[in-house]
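S.K.: Residue numbers (numbering that gives the first Met the number 0), protein chains in the order written: chain A, 0 to 351; chain B, 0 to 351. Here it is: the structure, laid out below.
There are 2 protein chains.
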Amino acid sequence: MIAVIMAGGSGTRFWPFSRNNRPKQLLKIVGDTSMLQMTVDRLKKINTVQDVFIVTRADLADTIKAEITGVDPENIIIEPSGKNTAPCIGLSALQISKIQSDAVMGVFPADHLIVGHKKFEKAINTAKHIARKKDALVTIGLKPTFPSTGYGYIQIDADSDVDHLDAYTVKVFAEKPHLSLAKKFIASGDFLWNSGIFVWKADTFLNKVEKHMPDLHVQLNKINNKLDKKENFKSIWEAINPESIDYGIMEKSEDVYLIKAEFDWSDLGSWNTVYEYMPKNDAGNAIRGDGVVYDGKNNFIQSDKQLTAIVGLDNIVVVNTDDATLVIPKDRVEDVKDLVEQLKIQKREKLL
Amino acid sequence: MIAVIMAGGSGTRFWPFSRNNRPKQLLKIVGDTSMLQMTVDRLKKINTVQDVFIVTRADLADTIKAEITGVDPENIIIEPSGKNTAPCIGLSALQISKIQSDAVMGVFPADHLIVGHKKFEKAINTAKHIARKKDALVTIGLKPTFPSTGYGYIQIDADSDVDHLDAYTVKVFAEKPHLSLAKKFIASGDFLWNSGIFVWKADTFLNKVEKHMPDLHVQLNKINNKLDKKENFKSIWEAINPESIDYGIMEKSEDVYLIKAEFDWSDLGSWNTVYEYMPKNDAGNAIRGDGVVYDGKNNFIQSDKQLTAIVGLDNIVVVNTDDATLVIPKDRVEDVKDLVEQLKIQKREKLL
Chain A
0 MIAVIMAGGS
10 GTRFWPFSRN
20 NRPKQLLKIV
30 GDTSMLQMTV
40 DRLKKINTVQ
50 DVFIVTRADL
60 ADTIKAEITG
70 VDPENIIIEP
80 SGKNTAPCIG
90 LSALQISKIQ
100 SDAVMGVFPA
110 DHLIVGHKKF
120 EKAINTAKHI
130 ARKKDALVTI
140 GLKPTFPSTG
150 YGYIQIDADS
160 DVDHLDAYTV
170 KVFAEKPHLS
180 LAKKFIASGD
190 FLWNSGIFVW
200 KADTFLNKVE
210 KHMPDLHVQL
220 NKINNKLDKK
230 ENFKSIWEAI
240 NPESIDYGIM
250 EKSEDVYLIK
260 AEFDWSDLGS
270 WNTVYEYMPK
280 NDAGNAIRGD
290 GVVYDGKNNF
300 IQSDKQLTAI
310 VGLDNIVVVN
320 TDDATLVIPK
330 DRVEDVKDLV
340 EQLKIQKREK
350 LL
Chain B
0 MIAVIMAGGS
10 GTRFWPFSRN
20 NRPKQLLKIV
30 GDTSMLQMTV
40 DRLKKINTVQ
50 DVFIVTRADL
60 ADTIKAEITG
70 VDPENIIIEP
80 SGKNTAPCIG
90 LSALQISKIQ
100 SDAVMGVFPA
110 DHLIVGHKKF
120 EKAINTAKHI
130 ARKKDALVTI
140 GLKPTFPSTG
150 YGYIQIDADS
160 DVDHLDAYTV
170 KVFAEKPHLS
180 LAKKFIASGD
190 FLWNSGIFVW
200 KADTFLNKVE
210 KHMPDLHVQL
220 NKINNKLDKK
230 ENFKSIWEAI
240 NPESIDYGIM
250 EKSEDVYLIK
260 AEFDWSDLGS
270 WNTVYEYMPK
280 NDAGNAIRGD
290 GVVYDGKNNF
300 IQSDKQLTAI
310 VGLDNIVVVN
320 TDDATLVIPK
330 DRVEDVKDLV
340 EQLKIQKREK
350 LL
């Protein structure tokens, strides 16, 4: 199997820690290694993974080559611009099928937290087995541990388990639900969290693109010709319509399998989620860097550059970098995006 | 009249903006000038003020000489260490009586806000007149505008007005009251705020020291001898017991007069008080430096070095300096002192 890590994201939810040129996957959000390096290291520990590729934005490629160890610089696939996941994975499938026409490829987000390596490895290897055996699209689903409204869900046919491998046929993909629906999903027992990890043969995937995204298929063929001639494919790429893999392919395909996994997983989608995974003191305060909380509980401080002091406040996130400081309640962290929009309008380029 | 500005304070209530070597009087707390410079400028505009002296801590003298314009470097009186206001004023009175034996001296805090110069000037000149005419201790009292629990009060004999000058004899000095008592003070009409401004002849004051603080009197005489011989008086000074002018002299003296003044006055005792005097936007947010508030009201940001962003919070003070950031609710700002105590215990010397 060849692993492809999608590292082109440009999220603003970790501003001011994350920036355009230093998105979440390049940050040490938890622990002492960047999320991307953690992902590389995790995949290289799986013995069925022959090689690891990274697909990313052009403007991040040099930073990734400089900072990430264990990936051949030639294995950095460059998207001329962000076109969401379907074109990104299509480009990766093209490149991988050139190396090995019947290769199984695994597609992995670059910025998720995964704890429990044996369970992870087992799920990936089962996915690889099913992808080859069934010539199908395979995804990894996580057994939900709480009624999250922040994750997508996938409903399986619970009676369809292939060879008792916890490999099921998929009935439906469901977007982020409201709390009441999320609770029903959990209660039903046949809804799993969508991990965003996919495993399939490169040619299986490209056939699905031909069937469900014919425009993209044509564009990828043109790009393939350019690649063969080692020519620049930017102008073709720029004409591609952005589309997600879930909407463009997964939801439309019939033979999709899901491997039910139980490793501890989080997309670390916000400071609030990161807080959950941080070590905390007796008052529930999580402090990364230099911070002090006086008469306050359940706060989160990220402060590498200077002392951050919170007095008399609970449930606050303070993120302190060398040129910007954010103060926000934990239950409002999603609104960082709106703040960043404001800064864009104000043309505060250096802070973006 | 010779003005003496007491600029030896070392308050921690404006941490992290204020530090040991840069206390409030040296900060641009409101406006573009330091509190001490504002005080100097205010006094020099009074035509009966012949000269301005500053009495301060040894470790602040060089900074004051470098930063404050309009005061002769020879007019900087140095206290070897902080001994509260009674010894400080005693030392100043000694020095001034050497220059002019029957001089009237005015004693002024270095870090108070005063708005309404004509009313201020009138009160000072009346105080000077009474100090000389009655050979008495004179203080300036402010007509209270709200039942403050943060200020000391002075009760006057409302029937005692001297020559219709709003100059009254003092009945009692009252410490910071609880709210219910403060309301009674206001309702009574004969309680005024204690401004901490005093006017008297130097020799009148030194006679009061002899009467009410005999130990200090002896020590000041010894210091006087040292001064005559241009010898160091540090060892005598260090033996002095710290004492406030209010407790040591004012409350014990019988012939104390108060000039009732109506200029707008604040001791700017905390960030909360400073907020009251700051210009604010429509949402009541006061921002000094680079700050943005998204969906929040009545916040205060002090941020010279970097952008400070508050999202989804009301009534918060954020003070951002180049090595420390404080986040505290407006109604808890008094507790900054406790935080600074903690930093002392933790030996965070660079941050103190």
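Beta carbons: idealized from backbone N, C-alpha and C, even for Gly. Bear in mind that the values here come from a model prediction, so they are computed numbers and not experimental data.
Just to confirm before moving on: does the CB-CB distance between residue 91/A and residue 205/A stay below 8 angstroms?
M.R.: Counting from one through the first sequence, the residue named residue 91/A turns up at place 92. Counting from one through the first sequence, the residue named residue 205/A turns up at place 206. Their beta carbons are not under 8 angstroms apart, which means residue 91/A does not touch residue 205/A by this criterion.
S.K.: Just how far apart, CA to CA, sit residue 115/A and residue 264/A?
M.R.: In the first sequence, counting from the first residue as 1, residue 115/A sits at position 116. In the first sequence, counting from the first residue as 1, residue 264/A sits at position 265. Residue 115/A and residue 264/A: Cα-Cα distance of roughly 9 angstroms.
S.K.: Could you name the residues that DSSP lists as bridge partners for residue 2/A?
M.R.: Position 3 of the first sequence, counting from 1, holds the residue named residue 2/A. As computed with DSSP, residue 2/A is found in a beta bridge with 51/A, 105/A.
S.K.: Does residue 171/A pass the burial test, meaning 16 or more other C-beta atoms within 10 Å, or should it be called exposed?
M.R.: The residue you call residue 171/A lines up with position 172 of the first sequence. Counting Cβ neighbours within 10 Å, residue 171/A comes out exposed, since fewer than 16 surround it.
S.K.: When you check each C-beta in the stretch 282-311 of chain A against every C-beta of chain B, which residues fall closer than 8 angstroms?
M.R.: 291, 293, 294, 302, 305, 306, 307, 308, 309, 310, 311
S.K.: Taking a Cβ distance cut-off of 7 angstroms, strictly less, list which residues of the stretch 262-273 of chain B are near chain A, in chain order.
M.R.: none
S.K.: For a minimum of 3 consecutive residues, which ranges assigned as the beta strand (DSSP E) are wholly contained in the stretch 296-348 of chain B?
M.R.: 299-310, 315-319, 323-328
S.K.: Could you tell me whether the Cβ of residue 324/A comes closer than 8 angstroms to any Cβ of chain B?
M.R.: Here residue 324/A is taken as the residue at index 325 of the first sequence, counted from 1. Taking Cβ atoms only, chain B reaches closer than 8 angstroms to residue 324/A, which makes this a yes.
S.K.: Would you kindly work out how many angstroms separate the C-alpha atoms of residue 304/A and residue 166/A, rounded to a whole number?
M.R.: Residue 304/A sits at position 305 when you count from the first residue of the first sequence. Residue 166/A sits at position 167 when you count from the first residue of the first sequence. Residue 304/A and residue 166/A have their alpha carbons spaced roughly 47 angstroms apart.
S.K.: For chain B, is any of its Cβ atoms less than 8 angstroms away from the one on residue 99/A?
M.R.: To locate residue 99/A, count along the first sequence from 1; it is residue 100. It does not; no Cβ of chain B falls within 8 angstroms.
S.K.: Could one say the Cβ of residue 76/B lies closer than 8 angstroms to chain A's Cβ atoms, at least one of them?
M.R.: Counting from 1 along the second sequence, the entry for residue 76/B is found at position 77. Not an interface residue.
S.K.: Tell me, please, which residues DSSP counts as bridged to residue 265/B.
M.R.: Indexing the second sequence from 1 puts residue 265/B at position 266. Beta-bridge pairing links residue 265/B to 112/B.
S.K.: Is there a C-beta anywhere in chain B that falls below 8 angstroms from the one on residue 313/A?
M.R.: As a working mapping, residue 313/A is identified with position 314 in the first sequence. No, its Cβ sits nowhere closer than 8 angstroms to a Cβ of chain B.
S.K.: Quick test of the definition: if touching needs 3 or more C-beta pairs under 8 angstroms, does the stretch 36-48 of chain A touch the stretch 103-122 of chain A?
M.R.: Yes, since at least three Cβ pairs between the stretch 36-48 of chain A and the stretch 103-122 of chain A fall closer than 8 angstroms, the two stretches touch.
S.K.: Can you tell me the Cα-Cα spacing of residue 190/B and residue 25/B, whole angstroms?
M.R.: For this step, residue 190/B is matched to residue 191 along the second sequence. For this step, residue 25/B is matched to residue 26 along the second sequence. Near 31 angstroms, if we compare the C-alpha coordinates of residue 25/B and residue 190/B.
S.K.: Compare the C-beta of residue 344/A against all C-beta atoms of chain B and say whether one is closer than 8 angstroms.
M.R.: Taking the first sequence and counting its residues from 1, one reaches residue 344/A at position 345. By this cut-off, residue 344/A is not an interface position.
S.K.: Cutting at 8 angstroms between CB atoms, please list the residues of its own chain near residue 328/A, excluding the five before and the five after it.
M.R.: Mapped onto the first sequence, residue 328/A falls at position 329. Cβ neighbours of residue 328/A within its own chain (closer than 8 angstroms, five residues either side excluded): 314, 315, 316.
S.K.: I need the boundaries of the alpha helix (DSSP H) containing residue 207/B, first residue and last residue.
M.R.: Taking the second sequence and counting its residues from 1, the one referred to as residue 207/B is at position 208. That run of the alpha helix (DSSP H) goes 201-211.
S.K.: Please name the residue, chosen from 98/A, 270/A, 135/A, that lies closest to residue 226/A on a Cα-to-Cα basis.
M.R.: What you label residue 226/A is simply residue 227 of the first sequence in a count that begins at 1. Considering only alpha carbons, the answer is 98/A.
S.K.: Residue 351/A and residue 18/A: beta carbons closer than 8 angstroms?
M.R.: Here residue 351/A corresponds to residue number 352 of the first sequence, with the count starting at 1. Here residue 18/A corresponds to residue number 19 of the first sequence, with the count starting at 1. For residue 351/A and residue 18/A, yes; Cβs fall inside 8 angstroms.
S.K.: Could you tell me whether the Cβ atoms of residue 111/B and residue 266/B are closer together than 8 angstroms?
M.R.: In the second sequence, residue 111/B corresponds to position 112, counting from 1. In the second sequence, residue 266/B corresponds to position 267, counting from 1. Closer than 8 angstroms, so yes.
S.K.: Between the stretch 9-23 of chain B and chain A, which residues of the former have CB atoms less than 7 angstroms from a CB of the latter, in chain order?
M.R.: Listed by position, the residues of the stretch 9-23 of chain B near chain A (Cβ gap below 7 angstroms) amount to none.
S.K.: Could you tell me the distance, in whole angstroms, from the CA atom of residue 235/A to the CA atom of residue 71/A?
M.R.: Indexing the first sequence from 1 puts residue 235/A at position 236. Indexing the first sequence from 1 puts residue 71/A at position 72. Distance from the CA atom of residue 235/A to the CA atom of residue 71/A, rounded to whole angstroms, is 26 angstroms.
S.K.: If we ignore side chains and look at the alpha-carbon of each, how far apart do residue 174/A and residue 292/A end up?
M.R.: Within the first sequence, residue 174/A is the residue found at index 175, counting from 1. Within the first sequence, residue 292/A is the residue found at index 293, counting from 1. CA-CA distance, residue 174/A to residue 292/A, rounds to 38 angstroms.
S.K.: Provide the residue span of the beta strand (DSSP E) that contains residue 170/B, from first to last.
M.R.: Here residue 170/B refers to the residue found at position 171 of the second sequence. Residues 166-173.
S.K.: Distance cutoff 8 angstroms, beta carbons only. Does residue 280/B sit that close to anything in chain A?
M.R.: Reading the second sequence from its first residue, position 281 is the one you call residue 280/B. Judged by the 8 angstroms Cβ criterion, residue 280/B is not in contact with chain A.
S.K.: Does residue 350/B have its Cβ less than 8 angstroms from a Cβ in chain A?
M.R.: Start at 1 with the first residue of the second sequence, and residue 350/B comes out as number 351. The beta carbon of residue 350/B falls within 8 angstroms of a beta carbon belonging to chain A, placing the residue at that interface.
S.K.: Can the beta-carbon of residue 129/B be found closer than 8 angstroms to that of residue 274/B?
M.R.: The sequence position of residue 129/B within the second sequence is 130, counting from 1. The sequence position of residue 274/B within the second sequence is 275, counting from 1. Against a cut-off of 8 angstroms, the Cβ pair of residue 274/B and residue 129/B comes out as no contact.
S.K.: Over the uninterrupted beta strand (DSSP E) stretch that includes residue 152/B, give me the two end residues.
M.R.: Stepping through the second sequence from its first residue, residue 152/B is reached at position 153. Element bounds for residue 152/B: 152-155.
S.K.: 8 angstroms is my cut-off, CB to CB: does residue 131/A come that close to chain B?
M.R.: For the purposes of this step, residue 131/A is taken as the residue at position 132 of the first sequence. For residue 131/A, the answer is no, since every Cβ of chain B falls outside 8 angstroms of its Cβ.
S.K.: What is the C-beta distance between residue 310/A and residue 335/B, in whole angstroms, given that I count them as a contact (C-beta under 8 angstroms)?
M.R.: To locate residue 310/A, count along the first sequence from 1; it is residue 311. To locate residue 335/B, count along the second sequence from 1; it is residue 336. With 8 angstroms as the limit, residue 310/A and residue 335/B qualify as a contact, their Cβ atoms being about 7 angstroms apart.
S.K.: Just the C-alpha distance for residue 216/A and residue 89/A, rounded to the nearest angstrom, thanks.
M.R.: Residue mapping note: residue 216/A aligns to position 217 of the first sequence, counting from 1. Residue mapping note: residue 89/A aligns to position 90 of the first sequence, counting from 1. Taking the straight line joining both Cα atoms gives about 8 angstroms.
S.K.: Look up residue 78/B in the DSSP assignment and give the residues it is bridged to.
M.R.: Within the second sequence, the letter at position 79 stands for residue 78/B. BP columns for residue 78/B point to 56/B.
S.K.: With 16 other CB atoms within 10 Å as the buried threshold, where does residue 345/A fall?
M.R.: Within the first sequence, the letter at position 346 stands for residue 345/A. The residue in question, residue 345/A, is exposed, as its Cβ has fewer than 16 Cβ neighbours within 10 Å.
S.K.: When you compare the CB positions of residue 23/A and residue 7/A, do they come within less than 8 angstroms of one another, or not?
M.R.: As a first step, residue 23/A must be located in the first sequence, where it is residue number 24. As a first step, residue 7/A must be located in the first sequence, where it is residue number 8. No; because the gap between Cβ atoms is not below 8 angstroms, this pair is not in contact.
S.K.: Counting contacts by CB-CB distance shorter than 8 angstroms, is residue 338/B in contact with chain A?
M.R.: Looking up residue 338/B in the second sequence gives position 339. Output row for residue 338/B: interface = yes.
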